[in-house]
Amino acid sequence: MQVEQTDIIALIEASLEANYSDVRAISNRIAKSISVQDVELAKKLKSILRKKGVPLRSSGYMESIPVDSKSRMALIEEHQWPVTPLFLNKIAKQVFDTYISDIVNIDKLISHGLGGRLNLLLSGPPGTGKTLIAGHIAAQLNRSLYVVRLDSVISSMLGDTAKNLRQIFEYVPTKNGILFLDEVDAVAKLRDDNHEVGELKRVVNTLIQGLDSLDDHTIVIAATNHAGLLDPAIWRRFPYKIKFDSPDSEVRADLWNHFLFLDSENESLSKILSLISEGLSGADIETISIGSRRKSILLNSDINIGSTVKAILSSLPGQAELPSGVELESSEKKNITNLLHNTYGVSKVDLAKLLNISRQTIASYLKD
């Protein structure tokens, strides 16, 4: 059993000083070195470390949230579990379910020699649900969600950035929570990027070392809007991956039904809105829906679907147009009727319901 003498001395010093973070970091290092020759002993040590250090807390020691040494700003925020439901396509849902199952059964997997990193990488454009899915994973596992915005971790002094990262990786395992690294591309850029200085490349190495220091029970979720910027070594440390694109037609219909119609099973209208909102993100659909409902409340009227349709057709990805809530002019209804019928194949019956006008009027619009 090979344990460095310096680690033994450092462990004793940290214990006497009630330095909980150092005790855990050094103990993890010792467990890792022991695992080469005595796997069972290493497992026992790691099991003890997962008990959150109750003796230190009972002795009056309370571990503080890590902060940037210069700004004194917190490096980690604990987020509440989300109340918004999760809408995923079939492929993403399969990865999500597999990930949850593997975490729940990690001890069984480890006993069969199949332990490994519980790291999930979420990639895709803004507004597609990356932060939301992290919250739902935390809720399903009944764990706290610790969010790190890595763009805010970067210090004007790059040496402090590496220090900040080390603080984060020492802190979160003590809480048995989930570490969510948002905007991970801020510090995990390609190390062969000619525009990056040597110190920033060392920051990437610090991030990699931090990930490698975690045991098989620690959960890390990372999110990026720019997957192509990530260093390949980062990709390799995230065996689970979900790529987010704009929601497909089925998910869009579910989003409209939830956010606009409050799960009233308004299937026909939800499907039409899904047809014309291709390319919009879940966040865009939520913004338009809530804007439409807000207008209906302030105007003491039903939701104006025609106004909502106009807002959808005027929206671009990431630039959702808010509905006016007022009745459309006849010329606007005519233009929308022809567009939806000729381009999207919406029936006359559905158009009449959508725009709140008679089928005869719809027929006249289509004749002109």
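Counting in the UniProt record's numbering, the sequence shown runs from 1 upward without gaps.
No residue lacks a Cβ here, since even glycine has one placed at the ideal position from N, Cα and C.
1. Our contact map puts residue 106 next to residue 137 with C-beta atoms below 8 Å; I'd like the distance itself, whole angstroms only.
2. Strictly under 7 Å for the Cβ-Cβ distance: is residue 290 near chain B by that measure?
3. Check for me: the alpha helix (DSSP H) holding residue 258 runs from which residue to which?
4. Go ahead and label residue 38 buried or exposed: buried means 16 or more other beta carbons lie within 10 angstroms of its beta carbon, across all protein chains shown.
5. Reducing DSSP to helix, strand and coil, say where residue 320 ends up.
6. Per the contact definition of three or more C-beta pairs closer than 8 Å, is the segment 156 to 175 in contact with the segment 240 to 251?
7. Can you find at least 3 beta carbon pairs, one from the segment 119 to 126 and one from the segment 218 to 227, that sit closer than 8 Å?
8. Could you give the first and the last residue of the continuous alpha helix (DSSP H) run that contains residue 293?
9. In chain order, what residues of the same chain have a beta carbon less than 8 Å from the beta carbon of residue 237, not counting five sequence neighbours either side?
10. Would you identify the three-state DSSP class for residue 53, choosing helix, strand or coil?
11. Start and end of the alpha helix (DSSP H) containing residue 313?
12. Just confirm the distance between the C-beta atoms of residue 315 and residue 303, as a whole number of angstroms; I'd bet it's less than 8 Å.
13. Confirm, please, whether the CB-CB distance from residue 79 to residue 153 is below 7 Å.
14. Straight-line CA distance for residue 344 to residue 234?
15. Below 7 Å CB to CB, which residues in the same chain sit around residue 149 once its five sequence neighbours on both sides are set aside?
16. With DSSP run on the structure shown, which of helix, strand or coil describes residue 16?
17. Inspect the beta-carbon positions of residue 48 and residue 42 and report whether they are closer than 7 Å.
18. Check whether the segment 358 to 365 and the segment 325 to 345 touch, using three or more Cβ-Cβ pairs below 8 Å as the test.
19. Helix, strand or coil: how does DSSP classify residue 267 here?
20. Is residue 6 helix, strand or coil by DSSP?
21. Quick check on the DSSP output: what are the complete beta strand (DSSP E) runs of length 3 or more inside the segment 49 to 133, in order along the chain?
22. Between the alpha carbons of residue 295 and residue 309, how many angstroms are there, rounded?
23. Please report the residue range of the alpha helix (DSSP H) in which residue 359 lies.
24. Note the first and the last residue of the continuous beta strand (DSSP E) segment covering residue 370.
25. Looking at residue 259: is its Cβ nearer than 7 Å to the Cβ of residue 281?
26. Can you tell me which of 278, 286, 326 and 313 puts its alpha carbon nearest to the alpha carbon of residue 300?
27. Of all the options 348, 287 and 346, which has the alpha carbon lying nearest to the alpha carbon of residue 321?
28. Do residue 185 and residue 132 have their CB atoms nearer than 7 Å?
29. Would you give the residue range spanned by the beta strand (DSSP E) that residue 220 belongs to?
30. Whose CA, out of 323, 254, 140 and 12, lies closest to the CA of residue 82?
31. Answer yes or no: do residue 411 and residue 11 have a C-beta to C-beta separation smaller than 7 Å?
32. Can you give me the Cβ contacts of residue 276 inside the same chain, cut-off strictly under 8 Å, excluding the 5 residues immediately before and after it?
33. Report the three-state DSSP secondary structure of residue 231 (helix, strand or coil).
34. From the DSSP output, read off the bridge partner residues of residue 240.
35. For the beta strand (DSSP E) containing residue 182, name the first residue and the last one.
Reading from the atomic positions:
1. Incorrect: roughly 14 Å between the Cβ atoms, too far for contact.
2. The structure shown has no chain B; it contains just one protein chain.
3. 249 to 259
4. exposed
5. coil
6. no
7. yes
8. 282 to 298
9. 117, 119, 208, 211 and 212
10. Confidence at residue 53 is low in this model, with a pLDDT of 42, below 50, so the placement of that residue should be treated as unreliable; the coordinate-derived value is given next. Residue 53: coil per DSSP, three-state reduction.
11. 305 to 314
12. Not confirmed; about 17 Å, so no contact.
13. no
14. 43 Å
15. 182 and 183
16. helix
17. no
18. yes
19. helix
20. helix
21. 77 to 79 and 118 to 123
22. 14 Å
23. 359 to 367
24. With the chain covering only 1 through 368, there is no way to say anything about residue 370.
25. no
26. 326
27. 287
28. no
29. 219 to 224
30. 140
31. The requested residue 411 is not part of the displayed model; the chain covers only 1 to 368.
32. 309, 312, 313, 340 and 344
33. coil
34. 120
35. 178 to 182
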